[in-house]
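Protein chains in written order, with our numbering: chain B, 64 to 404; chain F, 64 to 404.
Protein chains: 2
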Amino acid sequence: MSGTSSLIRLSVDMMGGDQGIEVTAPGLLDALSRYPDLICHAVGDPEQLHDALSPSAPADRLIVVPSSEVVEMDEPPASALRFKKDSSMRVALNQLSEGAVSGCVSAGNTGALMATARFVLKTLPGIDRPAIIAVLPRPAGHVHMLDLGANVGSPPEVLFQFGLMGSSLVRTLEGTDAPTVGLLNVGSEEIKGSDTIKTASDMLKNSDLNYVGYVEGDDIFNGDVDLIVCDGFEGNIALKTSEGLAQMLTKVIREEFTKSVFSKLAALIAKPVLRAFQARIDHRRYNGAMLLGLRGVVIKSHGGADQTSFSNAIGAARLAASKNLISQIESDLEATLALAD
Amino acid sequence: MSGTSSLIRLSVDMMGGDQGIEVTAPGLLDALSRYPDLICHAVGDPEQLHDALSPSAPADRLIVVPSSEVVEMDEPPASALRFKKDSSMRVALNQLSEGAVSGCVSAGNTGALMATARFVLKTLPGIDRPAIIAVLPRPAGHVHMLDLGANVGSPPEVLFQFGLMGSSLVRTLEGTDAPTVGLLNVGSEEIKGSDTIKTASDMLKNSDLNYVGYVEGDDIFNGDVDLIVCDGFEGNIALKTSEGLAQMLTKVIREEFTKSVFSKLAALIAKPVLRAFQARIDHRRYNGAMLLGLRGVVIKSHGGADQTSFSNAIGAARLAASKNLISQIESDLEATLALAD
Chain B
64 MSGTSSLIRL SVDMMGGDQG IEVTAPGLLD ALSRYPDLIC HAVGDPEQLH
114 DALSPSAPAD RLIVVPSSEV VEMDEPPASA LRFKKDSSMR VALNQLSEGA
164 VSGCVSAGNT GALMATARFV LKTLPGIDRP AIIAVLPRPA GHVHMLDLGA
214 NVGSPPEVLF QFGLMGSSLV RTLEGTDAPT VGLLNVGSEE IKGSDTIKTA
264 SDMLKNSDLN YVGYVEGDDI FNGDVDLIVC DGFEGNIALK TSEGLAQMLT
314 KVIREEFTKS VFSKLAALIA KPVLRAFQAR IDHRRYNGAM LLGLRGVVIK
364 SHGGADQTSF SNAIGAARLA ASKNLISQIE SDLEATLALA D
Chain F
64 MSGTSSLIRL SVDMMGGDQG IEVTAPGLLD ALSRYPDLIC HAVGDPEQLH
114 DALSPSAPAD RLIVVPSSEV VEMDEPPASA LRFKKDSSMR VALNQLSEGA
164 VSGCVSAGNT GALMATARFV LKTLPGIDRP AIIAVLPRPA GHVHMLDLGA
214 NVGSPPEVLF QFGLMGSSLV RTLEGTDAPT VGLLNVGSEE IKGSDTIKTA
264 SDMLKNSDLN YVGYVEGDDI FNGDVDLIVC DGFEGNIALK TSEGLAQMLT
314 KVIREEFTKS VFSKLAALIA KPVLRAFQAR IDHRRYNGAM LLGLRGVVIK
364 SHGGADQTSF SNAIGAARLA ASKNLISQIE SDLEATLALA D
């Protein structure tokens with residue numbers, strides 16, 4: 064896909080996620096074969112990694128970095144941060160902070176990853192709190208949205224910073240000149256806007272951003288702004304609600320197509336169409352949320368991701384690293400916030 | 064459906080909604096024919112109503128109540144409240160407060176309906192703010208959820224009151240003995256729970272309610288609690304997000320089924336199955352949100368509802384009125400809050 068000859072180095076937490084190496088190893092191998100410019104620092108238990116990777120990995124593009132501990136999926140972030148200094152997650156992030164790699168991928172627990180990444184990497188100048196940003200599908204194209212769950216009760220300045228970082232990301236990764244930015248709100252006239260939302264809206268209005276005003280929940284999947292800004296509480300609820308709805312619809316459509324001999328026949332005939340439908344909305348294509356606002360590219364893969372999803376998360380880190388996303392955001396922030404760094 | 068011989072009287076705002084009488088009139092006629100125990104006070108412009116209803120309406124079960132004004136769909140609530148004292152919405156609510164009917168239905172603008180209903184009817188003793196409650200579908204069954212957008216920034220006591228009212232409603236309307244109640248929250252350990260959510264959770268825990276703890280966004284459509292409690296901001300965003308996602312999926316599946324000659328053929332064969340699927344998740348079945356916490360049954364139909372949806376909203380009001388919902392809630396509140404009234 065890339066025409067450049069420069070190589071991209073990423074560190075990958077191989078022990079994270081619901082199934083650990085069982086998924087991360089084939090995912091990593093898939094990514095290495097998809098991206099010839101990719102070099103991976105695979106972090107985890109060296110023996111297990113050798114068994115899972117050596118037979119088929121390209122030896123010149125895979126480095127095993129040993130670590131002795133694993134952050135559990137339900138481990139409190141503070142405990143991971145304090146007691147798991149040799150975890151695969153921590154060591155992968157250390158690789159990034161030491162400059163050995165230009166991006167890091169983990170399917171480990173989100174809270175621990177955020178806390179550790181914040182501690183190891185620090186936030187960018189002008190950014191108070193990192194946010195989780197991800198891509199969500201639309202009938203044509205997609206939308207970027209943040210924060211999806213890192214911060215609860217974000218004050219207006221923080222929502223404004225989300226807008227700045229997010230806009231810079233969309234411009235850098237998508238090449239969109241002046242991405243349109245919407246602020247998530249509720250529609251009813253009577254209650255439109257808490258004070259926080261109103262102040263954030265004013266700050267966005269008075270900035271250089273291409274701010275279009277308020278958007279509502281239905282604009283996420285069915286609207287046309289390039290970037291949606293919201294607090295992590297609402298963002299997380301919107302994301303999880305749509306995951307639940309998609310699961311429900313899948314369940315119901317499967318039930319209907321297996322109800323009778325006729326419906327089974329219909330399913331057989333409609334299969335290619337249903338497959339094409341599924342491929343267009345496949346959440347695995349969109350796997351790989353970014354922890355944005357840190358001094359480094361950190362991609363969080365879904366904990367329950369399969370190997371294709373995990374490979375896509377690695378692809379997302381590769382893209383961000385190859386576009387020098389962090390320096391782009393840094394210089395955009397400097398320009399906007401007139402920071403001395 | 065009902066074996067009782069007692070009649071239910073409802074007032075219906077015939078001028079509200081995106082299309083007014085064009086939808087409300089056939090919707091009302093449909094409801095009258097579905098429910099032989101129903102008497103409707105149809106409020107609106109008498110001439111237009113006579114034209115639209117008289118030819119086919121059962122004269123003994125339809126009373127036209129004249130009103131000279133209409134609340135616009137984008138009219139600010141304060142303006143509707145102050146200047147539209149003879150609006151179909153206001154007169155329909157007056158009918159309820161005067162005891163002429165035992166329930167009221169409107170497809171008019173939500174903010175104006177909430178403000179007017181609150182002014183005309185007042186809240187129940189022990190209730191600070193009314194909430195919007197609705198039914199959402201699940202693969203098997205459904206869930207009740209409140210608040211869907213009446214209140215932004217609800218304090219813990221108000222969230223607790225939502226739990227009390229909602230639980231009472233589910234018990235009364237569904238016959239569920241001790242409905243399970245969940246509080247909507249985000250999952251990440253690090254940030255779980257703002258102080259408001261934590262305090263509300265403690266209050267629910269220490270009550271008589273069958274409180275099961277926190278639920279997440281994916282539990283709305285795919286979980287198993289009977290009632291979900293949340294602030295109106297999150298509730299509205301969850302609801303609108305799922306509306307948008309459902310619209311997107313419909314659009315994409317339609318595109319895929321019309322892409323080629325083969326897919327058109329597949330669509331033809333799969334049509335009965337897709338129809339059955341659609342019927343199971345048809346949002347029209349679930350039309351009719353209740354403004355809960357008022358001294359009277361007030362049902363809000365979706366502004367863009369078609370006649371079937373509007374008829375369902377009337378059906379929802381009829382059910383609540385026939386079960387004496389308001390007195391049930393009142394006595395439950397009295398018992399729980401130990402109010403003297």
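All residues carry an ideal CB built from backbone N, CA and C; glycine is no exception.
Residue from the options whose Cα sits closest to the Cα of residue i
i	options	result
Val-206(F)	Glu-138(F), Asp-369(F) and Glu-237(F)	Glu-237(F)
Arg-124(B)	Asp-395(B), Arg-145(B), Leu-222(B) and Ala-94(B)	Ala-94(B)
Gly-83(F)	Met-136(F), Glu-393(F) and Val-198(F)	Met-136(F)
Ser-96(F)	Gln-111(F), Ser-217(F), Ile-126(F) and Ala-120(F)	Ala-120(F)
Leu-312(F)	Asp-149(B), Leu-199(B) and Ala-401(B)	Leu-199(B)
Ser-270(B)	Ala-398(B), Val-215(B) and Leu-91(B)	Ala-398(B)
Val-233(B)	Gln-224(B), Phe-223(B) and Val-244(B)	Val-244(B)
Pro-99(F)	Ser-390(F), Ile-377(F), Leu-396(F) and Leu-388(F)	Ile-377(F)
Pro-242(F)	Asp-289(F), Ala-197(F) and Phe-225(F)	Asp-289(F)
Gly-74(B)	Glu-110(B), Gln-111(B), Ser-165(B) and Leu-116(B)	For clarity, residue 74(B) is Ser in the given sequence; the question names Gly instead. Checked all of Glu-110(B), Gln-111(B), Ser-165(B) and Leu-116(B); the closest Cα to Ser-74(B) is Ser-165(B).
Val-183(F)	Gly-107(F), Val-360(F) and Arg-343(F)	Val-360(F)
Gly-107(F)	Gln-158(F), Ile-71(F) and Leu-144(F)	Gln-158(F)
Lys-314(B)	Gln-341(F), Leu-70(F) and Ile-102(F)	Gln-341(F)
Arg-143(B)	Thr-179(B), Gln-111(B), Thr-186(B) and Asp-265(B)	Sequence check: residue 143(B) is Ala here, not Arg. Cα-wise, what sits closest to Ala-143(B) is Thr-179(B).
Val-324(F)	Cys-103(B), Cys-293(B), Ala-329(B) and Val-336(B)	Val-336(B)
Arg-72(F)	Tyr-277(F), Val-134(F) and Cys-167(F)	Cys-167(F)
Met-208(B)	Ser-217(B), Ile-389(B), Ile-126(B) and Ile-196(B)	Ile-196(B)
Leu-400(B)	Phe-296(B), Ala-379(B), Gln-224(B) and Gly-280(B)	Gln-224(B)
Phe-186(B)	Gly-356(B), Val-275(B) and Asp-149(B)	Sequence check: residue 186(B) is Thr here, not Phe. It is Gly-356(B) whose Cα lies nearest to the Cα of Thr-186(B).
Ala-380(F)	Gly-351(F), Val-127(F) and Ala-194(F)	Gly-351(F)
Outcome for residue i when other beta-carbon atoms lying within 10 angstroms are tallied against a minimum of 16
i	result
Pro-140(F)	buried
Lys-363(B)	buried
Ala-368(B)	buried
Glu-85(F)	exposed
Arg-358(B)	buried
Asp-191(F)	exposed
Ser-321(F)	At residue 321(F) the sequence reads Thr, which differs from the Ser that was named. Exposed: under 16 other Cβ atoms inside 10 Å.
Arg-201(B)	buried
Pro-188(F)	exposed
His-113(F)	exposed
Ser-385(B)	buried
Gly-80(F)	buried
Asp-395(F)	buried
Glu-319(F)	buried
Ala-115(B)	buried
Pro-118(B)	exposed
Phe-296(F)	buried
Gly-174(F)	buried
Glu-220(F)	exposed
Residues sharing a beta bridge with residue i, DSSP
i	result
Asn-273(F)	Thr-243(F)
Ile-196(B)	Leu-209(B) and Met-353(B)
Gly-107(F)	Pro-129(F)
Leu-73(B)	Cys-103(B)
Leu-290(B)	His-207(B) and Val-244(B)
Val-360(B)	Answer by DSSP bridge pairing: none, since Val-360(B) is not bridged.
Thr-235(F)	Answer is none; Thr-235(F) lacks a bridge partner.
Thr-186(F)	Leu-357(F)
Ser-150(B)	Glu-132(B)
Supposed contact pair residue j and residue i - C-beta distance, whole angstroms, cut 8 Å
i	j	result
Ala-155(F)	Thr-87(F)	Not confirmed; about 11 Å, so no contact.
Ile-283(B)	Ala-309(B)	About 13 Å; that fails the 8 Å criterion.
Val-249(F)	Val-215(B)	7 Å
Leu-246(F)	Leu-267(F)	6 Å
Arg-347(B)	Ser-372(B)	4 Å
Val-128(F)	His-104(F)	5 Å
Residue i CB to nearest heavy atom of the ligand SAM below 8 Å
i	result
Asp-265(F)	The ligand content of the structure shown is nil, which means the ligand SAM is not present either.
Please name the residues in the stretch 300 to 312 of chain F whose beta-carbon is closer than 9 Å to at least one beta-carbon of chain B, in chain order.
So the close ones are Ile-300, Ala-301, Leu-302, Lys-303, Thr-304, Ser-305, Glu-306, Gly-307, Leu-308, Ala-309, Gln-310, Met-311 and Leu-312.
Positions along the stretch 257 to 272 of chain F whose CB lies within less than 8 Å of some CB in chain B:
Ser-257
Selection of the stretch 312 to 344 of chain B by Cβ proximity to chain F, strictly under 7 Å:
Within the stretch 312 to 344 of chain B, the residues whose Cβ lies closer than 7 Å to some Cβ of chain F are Leu-312, Lys-314, Val-315, Ile-316, Glu-319, Phe-320, Ser-326, Ala-329, Ile-332, Ala-333, Val-336, Ala-339, Phe-340, Arg-343 and Ile-344, listed in chain order.
Give, in chain order, every residue of the stretch 189 to 204 of chain F whose Cβ lies closer than 8 Å to some Cβ of chain B.
Listed by position, the residues of the stretch 189 to 204 of chain F near chain B (Cβ gap below 8 Å) are Pro-200, Arg-201 and Pro-202.
Taking any Cβ of chain B, which residues in the stretch 274 to 289 of chain F have a Cβ under 9 Å from it, in chain order?
Glu-279, Gly-280, Asp-281, Asp-282, Ile-283, Phe-284, Asn-285 and Gly-286
Between the stretch 209 to 222 of chain B and chain F, which residues of the former have a C-beta closer than 8 Å to a C-beta of the latter?
Gly-212, Ala-213, Asn-214, Val-215 and Gly-216
Counting only Cβ-Cβ distances shorter than 7 Å, please list the residues of the stretch 171 to 185 of chain B near chain F, keeping chain order.
Cβ contacts with chain F come from Thr-173, Gly-174, Met-177 and Ala-178.
Positions along the stretch 97 to 117 of chain F whose CB lies within less than 9 Å of some CB in chain B:
none
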